[in-house]
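All the letters of the sequence shown, read from the start, carry residue numbers -20 to -1, 1 to 118 under mature numbering (1 follows the signal peptide of the UniProt record, and there is no 0).
We treat Cβ as the ideally placed atom computed from N, Cα and C, and that holds for glycine.
Here is the structure we will look at, set down as structure tokens.
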Amino acid sequence: MLKQMVMLWMLMLIVSTVTASEQNFLEEIESSARAWLGLNDEGRYVESWKNSSEHFRNKMTESAWIKNAGEIRKPLGAMEARYIATAGQAKKLSGLPEGEYVVLQFYTTFKERTLALETVTLAKEKDAIWRVADYAIK
């Protein structure tokens, strides 16, 4: 009986460690995504472009991003609330080179739009920093 209790205790310890590690990972990724989204919320499109992944910057010039982001975001008005809806990991995503990715979706409310779904794809780059590789809003 004692042996079973010790085994159960060890299993619970391992599971809680993995869960805590996964939670820290998700918090780091979500923090990176929210910081990048915050730049866009403030209309700081040059900074958001500069803080994006190499793939993002190669796919779209700085001036094209400023134009596109402004056209998409300005009509929405100020961001009022943003809640994480889903999170998932992938190695392959359509339109992106093979790599390590996390896709986060946020339910976001804006002053001029009741509800939007923002999809932020982050890529782990060569320097091990997670940066935004793709952004979409519906």
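Exercise. Output the boundary residues of the alpha helix (DSSP H) element that contains I52.
Key: Going by DSSP, I52 is part of the alpha helix (DSSP H) stretching over E42 to R53.
Quiz prompt | Cutoff 8 Å; reference A58; Cβ partners in own chain excluding five residues on either side | solution = Here the set comprises D21, F90 and K91.
Quiz item: Sorted by chain position, which residues of the same chain lie with C-beta nearer than 7 Å to G23's C-beta, five sequence neighbours on each side aside?
Solution: Around G23: no qualifying Cβ.
Self-check item: Proximity below 8 Å, CB of A61 to CB of T88
Solution: Contact annotation: A61 and T88 have beta-carbon atoms nearer than 8 Å.
Quiz prompt | Minimum C-alpha distance to G95 - residue among R111, K118 and E78 | solution = According to the sequence shown, residue 95 is Leu rather than Gly. When only C-alpha atoms are compared, the closest one is K118.
Quiz item: Tell me which same chain residues have a C-beta within less than 7 Å of the C-beta of A70, skipping the five on either side of it?
Solution: Y81 and V83
Self-check item: Status (buried if at least 16 other CB within 10 Å, exposed otherwise) for L(-10)
Solution: Bear in mind that a pLDDT of 45 at L(-10), under 50, signals an unreliable position, so the number given afterwards is only what the model happens to contain. Per the 10 Å Cβ criterion, exposed.
Quiz item: Would you say E8 and L19 are within 8 Å of each other, going by their C-beta atoms?
Solution: no
Exercise. Classify S12 as helix, strand or coil using the three-state DSSP reduction.
Key: Note: S12 maps to helix in three-state DSSP.
Quiz prompt | Pairwise C-alpha distance: R93 and E12 | solution = Correcting the residue identity first, residue 12 is Ser in this sequence and not Glu. Spanning the two alpha carbons is a distance of roughly 24 Å.
Quiz item: Under a three-way DSSP split, which group does L56 fall into?
Solution: If DSSP states are grouped into helix, strand and coil, L56 belongs with the helices.
Self-check item: Reduced DSSP secondary structure (H/G/I, E/B, other) of D107
Solution: coil
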